[in-house]
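If you count by the working numbering, then the sequence shown holds residues 14 to 122, one letter each, in order.
What follows is a short report on a single structure.
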Amino acid sequence: MKLDKEINKVNAEALFLVSCCTELFLEFLAEESARVAVEKKRRTVKLAHLRVAVKRHPPTSDFLLESLPVASEPVVDWPKAAERNRGRTAEKPVPAGTHRIDDFFRKDS
């Protein structure tokens, strides 16, 4: 919220409310994704399960579905890739359709 130049200050109560809503939303996504995984007789929740959970909930699907990577795209296993490239300092590639969190928090100069 503070990245928006039109917003000078954020009330503590508003910030708390947004953080509570975010927590509830993530809990909802996790529960629905787990439910899909159980329906498919899987023990691990994968991206495909998350996509199905999002598709089943139209309000979430309206804004989130196009931001999720397509299930057929290979998902990089970051911890293993980080171990292999420990000596390298180059930027790691991100899967298509995703953004690094650094880009969101980077200040414009």
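Here a beta-carbon is modelled for each residue, glycine too, at the ideal position from N, C-alpha and C.
So, residue i versus residue j, is the Cβ gap smaller than 8 angstroms?
{"i": "L77", "j": "V67", "result": "yes"}
{"i": "P108", "j": "P82", "result": "yes"}
{"i": "E6", "j": "H70", "result": "Missing from the structure shown is residue 6; the chain here goes from 14 to 122 and no further."}
Around the Cβ of residue i, are there at least 16 other Cβ atoms within 10 angstroms (buried) or fewer (exposed)?
{"i": "A50", "result": "buried"}
{"i": "E19", "result": "exposed"}
{"i": "L63", "result": "buried"}
{"i": "S32", "result": "exposed"}
{"i": "S80", "result": "exposed"}
Using a Cβ-Cβ distance under 8 angstroms, would residue i count as near chain C?
{"i": "T73", "result": "No chain C appears in the structure shown, which is made up of a single protein chain."}
Query - Complete runs of the alpha helix (DSSP H) confined to the region 49 to 78 [at least 4 residues] - result: 60 to 69 and 71 to 77, all fully within the region 49 to 78.
Query - Segments of 3+ residues assigned as beta strand (DSSP E) that fall wholly inside the region 18 to 50 - result: None, since the region 18 to 50 contains no complete beta strand (DSSP E) of that length.
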